[in-house]
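Student:
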Amino acid sequence: MAVKIRLRSQGTTNHVTYRLVVTDSRSPRDGKYLEAVGWYDPYAAKDDDKVSLKLDRIQHWIDQGAQMSDCTESLVKMAAPAITRALQEKRVKAAQKRRKKK
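Every number in the working numbering is 2 more than the matching position in the sequence shown, counting from 1.
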């Protein structure tokens, strides 16, 4: 099962909020999910109230092999740059390993 960390839309038509969820990649955008790991409110007045993340759970799922969507990765990068930096280093090492095999 391919696991992804992505946004799930919530709220009303003109005031959408999002939950960051861990889900199977085959499930629909607003379908069932394994775990909610945070939320994002783009309409919040203060920058502190826009994003709330459970960074330890996000790190746990990344260690288990979950992939983040582009939007989710940018939100995590704002809140905890260390997590995305480690993920980027992991990608670079994998690419170097692939090049070395050729």
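Even for Gly, the Cβ is constructed at its ideal location relative to N, Cα and C.
Rounded to a whole number of angstroms, what is the C-alpha to C-alpha distance between residue 59 and residue 81?
Tutor: On the sequence shown, position 57 is the one that residue 59 refers to. On the sequence shown, position 79 is the one that residue 81 refers to. Answer to the nearest angstrom: the Cα atoms are 14 angstroms apart.
Student: Report yes if the C-beta distance between residue 9 and residue 20 is below 7 angstroms; otherwise report no.
Tutor: Locating residue 9 in the sequence shown gives position 7, counting from the first residue. Locating residue 20 in the sequence shown gives position 18, counting from the first residue. Yes.
Student: Would you give the residue range spanned by the alpha helix (DSSP H) that residue 96 belongs to?
Tutor: On the sequence shown, residue 96 is found 94 positions in, with the first residue counted as 1. Looking at the DSSP string, the run of the alpha helix (DSSP H) that includes residue 96 is 83 to 103.
Student: In the DSSP assignment, what are the bridge partners of residue 12?
Tutor: On the sequence shown, position 10 is the one that residue 12 refers to. Looking at the DSSP assignment, residue 12 forms a beta bridge with 19.
Student: Going by the beta-carbon positions, is the gap between residue 24 and residue 42 smaller than 7 angstroms?
Tutor: Here residue 24 corresponds to residue number 22 of the sequence shown, with the count starting at 1. Here residue 42 corresponds to residue number 40 of the sequence shown, with the count starting at 1. No; because the gap between Cβ atoms is not below 7 angstroms, this pair is not in contact.
Student: Grouping DSSP H, G and I as helix and E and B as strand, with all else coil, what is residue 26?
Tutor: Indexing the sequence shown from 1 puts residue 26 at position 24. Reduced to three states, the DSSP call for residue 26 is strand.
Student: With burial defined as no fewer than 16 other Cβ atoms inside 10 Å of the residue's Cβ, what is the status of residue 40: buried or exposed?
Tutor: For the purposes of this step, residue 40 is taken as residue 38 along the sequence shown, with counting starting at 1. Buried, by the Cβ-count rule.
Student: Let me know the secondary structure DSSP gives residue 52 once reduced to three states.
Tutor: As a working mapping, residue 52 is identified with position 50 in the sequence shown. It is coil, neither helix nor strand.
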